[in-house]
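Participant:
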C-alpha cells in the first residue's frame with residue numbers, strides 16, 4: 111500500500127475537479143467505498159483529497175477488514191477510544207507490511223527445500239497478525255474449476271502454496287494452545303491470572319483448527335451469545351434478582367438441553383467419536399453432540415456468565431455440574447444463620463468462599479445440600495440428588511472417608527487431562543480399526559485409504575494435542591506428578607482417579623517426540639521452549655536437544671542433486687519419474703513418486719523384514735519413495751508400481767503440496783517442487 115504523501119495542487123485543478131462542489135462529508139462517504147490501494151492513490155490528487163484520505167475513520171474501516179490481531183495491538187482498547195486518538199493509517203500500513211513478510215517467507219519456502227523450517231520460525235513472532243494473509247494463501251485458486259489444483263495464470267504452485275500456508279497457520283495455532291496449557295500448569299504456583307475452563311479446553315480446538323474460525327475468541331463469543339440469549343429469555347427484566355440460585359440453574363439446564371439442543375450423544379454407537387471431545391465442535395455442530403465432560407463444560411461456562419458459581423464435578427465414570435449458592439445463602443436464596451465462611455483453595459491460583467463443611471459420625475466430610483446442587487446436563491434437566499451419587503460411590507467400593515474428593519469441584523487442569531485420555535481412547539479405537547485391516551486400501555479389507563480426508567478432527571493432530579496436554583499438565587520442571595486419572599476402561603463412562611507414581615509427563619515424552627518428528631517437524635520451537643526446559647540436567651534433555659539439532663541441520667543443508675545422466679549405469683534403468691501417479695499392484699492404494707534410488711537403498715534389517723529378495727527382481731531393481739493417499743510415506747519396488755492417468759484422489763491432493771506445485775491435467779502427473787534434489791524430473 112502506498113503511504114499518502116503531500117502533493118502540490120496543479121493550476122486550474124479546481125475548475126476541473128468535479129468534487130469541488132461537494133461537501134467534505136459527502137466526499138468522505140464516497141471515499142469509504144474505495145479499496146486501500148485506491149484510497150492511497152486518491153490521496154495524491156490534491157491537497158483536499160490528501161486531507162480527506164487521512165481520516166482515521168476511513169483507515170479504521172480498512173483495519174477492521176483484518177479479522178485476527180496479535181494481543182499486543184490491544185485492538186479492543188483502540189476501538190473503544192475516539193477514532194482521532196489512534197493512528198489507524200499507520201496501523202493498517204503495519205498490517206500490510208506483515209502481509210508482505212508472510213508472502214516473502216512463503217515464497218522462500220516454495221523456492222527450495224533448504225531452510226524451510228527456519229523461515230517458518232520467523233513467522234511465529236507475528237502470531238495472529240500473520241493469520242489473515244495465511245488464510246488467503248490457503249485458499250488461493252480454489253474458486254477455479256476443479257478447485258484450482260491445476261494452477262492458474264497468476265499462481266502455478268497452488269498445491270505447494272496451500273500446503274505450506276496451512277502448515278504455518280497450524281503451527282501458529284499450536285503455539286497458542288501450548289502457551290495456554292503452560293499458563294494453566296503454572297497458574298497455581300505463580301498465582302497468575304486464571305485460565306478459564308473454556309480456554310483450557312479450547313486449546314485442543316487450536317490444534318485441529320486449520321482454516322476454521324472456531325478459535326479461543328470465537329468459542330468465548332459463542333458462549334457469550336448463549337448467556338445473553340438465556341438472560342433475555344429467562345432471567346426477567348430485573349436480571350434474575352427475583353430468582354433463586356436453584357431456579358436459575360434449573361432454567362439454564364432446561365434452556366441448554368431443550369432449547370439449544372445440548373443433549374449429549376444421541377446414538378450410543380458414536381459415543382466415542384473423536385469429535386465428541388472438542389468444545390468448539392460441540393458449539394459449532396448443529397446437534398451439539400459431545401461427551402459429558404464437554405457438555406458440562408459448556409453448561410458451566412454459560413452458567414458463570416449469568417452469575418452462577420458453577421464448576422464440573424470430578425466424579426468417577428461421569429462428569430456432573432456443581433452449582434453453589436452465594437456465600438451465606440441457601441440454594442433457595444434464604445440466609446444461612448450462624449454459619450462460618452472460609453476461603454478454600456480450589457487450584458489454578460483460585461480461591462472460593464465456602465461454608466464450613468461438617469463431618470458425619472462415619473468421618474465423611476459431607477456437602478451441605480442446602481448450598482450445593484448437582485446437575486447432569488448430558489442426561490437430564492432434573493437435579494441429581496446427592497444420595498444417588500453417594501450410593502454409586504458405595505457401589506463401586508469407594509471408602510466413605512474419601513467421598514468428598516469425588517463430590518467436589520474439579521480443577522481446570524484435571525478437566526484438560528481427562529479430555530486428553532478421552533481423545534487417546536478415541537484415537538486408539540480408530541487406529542485399532544486400521545490395524546485390523548492390516549493395510550489401508552488392501553483388497554477385501556473394506557478400508558478406504560482416503561477415508562482420513564473425511565474424518566474430522568484429524569486423528570494424528572488430535573493425538574498430538576492429547577500428548578502435549580498430558581505432557582505439560584502431568585509434570586512440572588523437576589517434579590513428576592504423583593497422582594493421575596487414567597481411563598477406567600468402562601465403555602459407559604469416562605475415567606476414574608487412580609495412583610500413578612511414574613508421572614504421565616515423562617511417560618508420554620517418547621510418544622510426543624515421535625509424533626513431532628514424524629508429522630510436525632516445524633514445531634522445533636515448541637519443543638525448545640516448552641518441552642526441553644522440563645528436563646534440564648536430565649538425560650531426556652540431551653535426547654531432545656540432539657533431535658532438534660538433527661532436524662535443524664537437515665533443514666539447513668542443501669539436498670544432494672540426483673540427476674539422470676545418460677552415461678550413468680545406476681540411473682539409466684530408473685523407469686519412473688518424480689510426480690508419476692500410480693496404483694500399488696498388490697495393495698491397491700494410490701500414491702505419487704517423490705524420489706527414487708537405482709537399487710534398494712534401505713538397511714539390511716529392513717530388506718530382510720520386508721523379504722525384498724523374494725521379489726521377482728529382488729533388491730537390484732529401482733525403488734521409489736512415495737507419498738500415499740493415507741498420508742504415509744513408503745518405499746516401493748518398481749515391479750509393484752502401475753502408473754495411472756486418472757485424476758488423483760482428493761486426499762492425495764491435500765498432502766501433495768509438500769512435494770509438488772500443482773497437478774498437470776494434460777500430462778496426468780504432478781509438477782515437481784523438489785527440482786533442487788531431482789533436477790531432471
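Numbering (the numbering used here), first residue to last: 111 to 791.
Built from N, CA and C at the ideal position, the CB exists for glycine as well.
None of these values were measured; they are calculated from a predicted model.
1) If you draw a straight line from the alpha carbon of residue 226 to that of residue 742, how long is it in whole angstroms?
2) Residue 782 and residue 689: beta carbons closer than 8 Å?
3) Output needed for residue 194: all residues of its chain with C-beta closer than 8 Å, excluding positions within five of it in sequence on either side, in chain order.
4) Where does residue 768 fall in DSSP's three states?
5) Of all the options 367, 292, 518, 532, which has the alpha carbon lying nearest to the alpha carbon of residue 401?
6) Check the C-beta distance from residue 582 over to residue 291 and give it rounded, since I have them as a contact under 8 Å.
7) Taking the alpha-carbon of residue 577 as reference, which of 567, 621, 537 has the nearest alpha-carbon?
8) Measure from the alpha carbon of residue 512 to the alpha carbon of each residue in 259, 500, 713, then state which is nearest.
9) What is the DSSP secondary structure of residue 402, counted as helix, strand or coil?
10) Report yes or no: do three or more beta-carbon pairs, one from the region 231–243 and one from the region 210–221, lie closer than 8 Å?
11) Please report the straight-line C-alpha distance between residue 651 and residue 527, rounded to a whole angstrom.
12) Give me the Cβ distance between residue 149 and residue 168, rounded to the nearest whole Å; I'm assuming they're in contact under 8 Å.
13) How is residue 493 classed by DSSP in three states: helix, strand or coil?
14) Provide the residue(s) that pair with residue 694 in DSSP beta bridges, ordered along the chain.
15) With a Cβ-Cβ cutoff of 8 Å, do residue 222 and residue 786 count as a contact?
16) Can you name the start and end residues of the beta strand (DSSP E) that residue 706 belongs to?
17) Mind checking which residues open and close the alpha helix (DSSP H) that includes residue 173?
18) Helix, strand or coil for residue 367, going by three-state DSSP, please let me know.
19) By Cβ distance, which residues of its chain are closer than 6 Å to residue 316, with the 5 residues on each side in sequence left out?
20) Starting from residue 735, follow its DSSP beta bridges and name the residues at the other end.
21) So for residue 423, helix, strand or coil by DSSP?
22) Closest to residue 271 by CA distance: which of 492, 220, 289, 146 is it?
23) Would you identify the three-state DSSP class for residue 782, choosing helix, strand or coil?
24) Return the chain-ordered list of same chain residues with a C-beta closer than 8 Å to the C-beta of residue 243, the five sequence neighbours on each side being excluded.
25) According to DSSP, is residue 717 part of a helix, a strand, or is it coil?
26) Pull up the distance between the alpha-carbon of residue 516 and that of residue 580, whole angstroms please.
27) Evaluate residue 128 with the Cβ neighbour count: other Cβ atoms within 10 Å of its Cβ, from every protein chain shown; 16 or more gives buried, anything less gives exposed.
28) Report the three-state DSSP secondary structure of residue 668 (helix, strand or coil).
29) Run through DSSP, which three-state label would residue 305 get?
30) Would a C-beta distance cut-off of 8 Å place residue 390 and residue 312 closer than the cut-off?
31) Specify the secondary structure class of residue 789 as computed by DSSP and reduced to three states.
32) If you pair each beta-carbon of the region 317–326 with each one of the region 665–672, do three or more pairs fall below 8 Å?
33) According to DSSP, is residue 197 helix, strand or coil?
34) At a cut-off of 7 Å, is residue 688 close to the ligand FAD when judged by its beta-carbon and the heavy atoms of the ligand?
35) Helix or strand or just coil, what does DSSP make of residue 413?
36) Given a cut-off of 8 Å on the beta-carbon distance, is the pair residue 433 and residue 345 in contact?
Facilitator: Taking the coordinates as given:
1) Your numbering for residue 226 matches position 116 in the chain shown. Your numbering for residue 742 matches position 632 in the chain shown. Going by the C-alpha atoms only, they are around 21 Å apart.
2) As a working note, residue 782 is residue 672 in the chain shown. As a working note, residue 689 is residue 579 in the chain shown. Yes, these two residues count as a Cβ contact at 8 Å.
3) Indexing the chain shown from 1 puts residue 194 at position 84. Non-local beta-carbon contacts of residue 194 in its own chain, meaning distances under 8 Å to residues more than five positions away in sequence, involve 166 in chain order.
4) By one-based count along the chain shown, residue 768 stands at place 658. Note: residue 768 maps to coil in three-state DSSP.
5) One-based indexing of the chain shown puts residue 401 at position 291. For the residues 367, 292, 518, 532, the minimum Cα distance to residue 401 belongs to 532.
6) Position 472 of the chain shown, counted from the start, is the residue given in the question as residue 582. Position 181 of the chain shown, counted from the start, is the residue given in the question as residue 291. Contact between residue 582 and residue 291 holds: CB atoms are separated by about 5 Å, below the 8 Å threshold.
7) Here residue 577 corresponds to residue number 467 of the chain shown, with the count starting at 1. Nearest C-alpha to residue 577: 621.
8) In the chain shown, the residue the question calls residue 512 occupies position 402. The alpha carbon of residue 512 has as its nearest neighbour, out of 259, 500, 713, the alpha carbon of 500.
9) On the chain shown, position 292 is the one that residue 402 refers to. DSSP places residue 402 in helix when its eight states are reduced to three.
10) A contact between stretches requires three or more CB pairs, one per stretch, nearer than 8 Å, and the region 231–243 meets this requirement with the region 210–221.
11) To locate residue 651, count along the chain shown from 1; it is residue 541. To locate residue 527, count along the chain shown from 1; it is residue 417. One C-alpha to the other measures close to 24 Å.
12) Here residue 149 corresponds to residue number 39 of the chain shown, with the count starting at 1. Here residue 168 corresponds to residue number 58 of the chain shown, with the count starting at 1. Their Cβ separation, rounded to whole angstroms, is 6 Å, which keeps residue 149 and residue 168 in contact under 8 Å.
13) In the chain shown, counting from the first residue as 1, residue 493 sits at position 383. The answer is strand: DSSP assigns residue 493 an E or B state.
14) If you number the chain shown from 1, residue 694 lands on position 584. Residue 694 pairs with 751.
15) What you label residue 222 is simply residue 112 of the chain shown in a count that begins at 1. What you label residue 786 is simply residue 676 of the chain shown in a count that begins at 1. In this structure, residue 786 lies closer than 8 Å to residue 222 by Cβ.
16) Taking the chain shown and counting its residues from 1, one reaches residue 706 at position 596. Its beta strand (DSSP E) spans residues 700–707.
17) Position 63 of the chain shown, counted from the first residue, corresponds to residue 173. That run of the alpha helix (DSSP H) goes 166–173.
18) Taking the chain shown and counting its residues from 1, one reaches residue 367 at position 257. It is helical.
19) As a position in the chain shown, residue 316 is number 206, starting the count at 1. Taking C-beta separations shorter than 6 Å and ignoring five residues to either side along the sequence, the partners of residue 316 in its chain run 283, 286, 287, following chain order.
20) Looking up residue 735 in the chain shown gives position 625. Residue 735 is bridged to 705, 745.
21) By one-based count along the chain shown, residue 423 stands at place 313. Reduced to three states, the DSSP call for residue 423 is strand.
22) Working through the chain shown from its first residue, we reach residue 271 at position 161. Cα-wise, what sits closest to residue 271 is 220.
23) For the purposes of this step, residue 782 is identified with residue 672 of the chain shown, where counting begins at 1. Of the three classes helix, strand and coil, the one that applies to residue 782 here is strand, per DSSP.
24) Numbered from 1 along the chain shown, position 133 holds the residue referred to as residue 243. By the criterion of a C-beta distance shorter than 8 Å, residue 243 is surrounded in its chain by 208, 209, 212, 213, once the five residues flanking it on both sides are discounted.
25) Your numbering for residue 717 matches position 607 in the chain shown. Per DSSP, reduced to three states, the secondary structure at residue 717 is helical.
26) Within the chain shown, numbered from 1, the residue matching residue 516 stands at position 406. Within the chain shown, numbered from 1, the residue matching residue 580 stands at position 470. Distance between the alpha carbons of residue 516 and residue 580 is about 21 Å.
27) For this step, residue 128 is matched to residue 18 along the chain shown. Of the residues assessed, residue 128 falls on the exposed side of the cut-off, its CB having fewer than 16 other CB atoms within 10 angstroms.
28) On the chain shown, residue 668 is found 558 positions in, with the first residue counted as 1. In the structure shown, residue 668 sits in coil (DSSP, three-state: anything other than H, G, I, E or B).
29) Walking along the chain shown from the start, residue 305 turns up at place 195. Residue state, collapsed to three classes: coil.
30) For this step, residue 390 is matched to residue 280 along the chain shown. For this step, residue 312 is matched to residue 202 along the chain shown. Cβ distance < 8 Å, so residue 390 and residue 312 count as in contact.
31) Here residue 789 is taken as the residue at index 679 of the chain shown, counted from 1. In this structure, residue 789 counts as coil in the three-state DSSP scheme.
32) The region 317–326 vs the region 665–672: no contact.
33) In the chain shown, residue 197 corresponds to position 87, counting from 1. In the structure shown, the three-state DSSP call for residue 197 is coil.
34) The ligand FAD is not part of the structure shown, which contains no ligands of any sort.
35) Numbered from 1 along the chain shown, position 303 holds the residue referred to as residue 413. Residue 413 falls in the helix class under three-state DSSP.
36) By 1-based counting over the chain shown, the position of residue 433 is 323. By 1-based counting over the chain shown, the position of residue 345 is 235. The answer is no: Cβ separation not under 8 Å.
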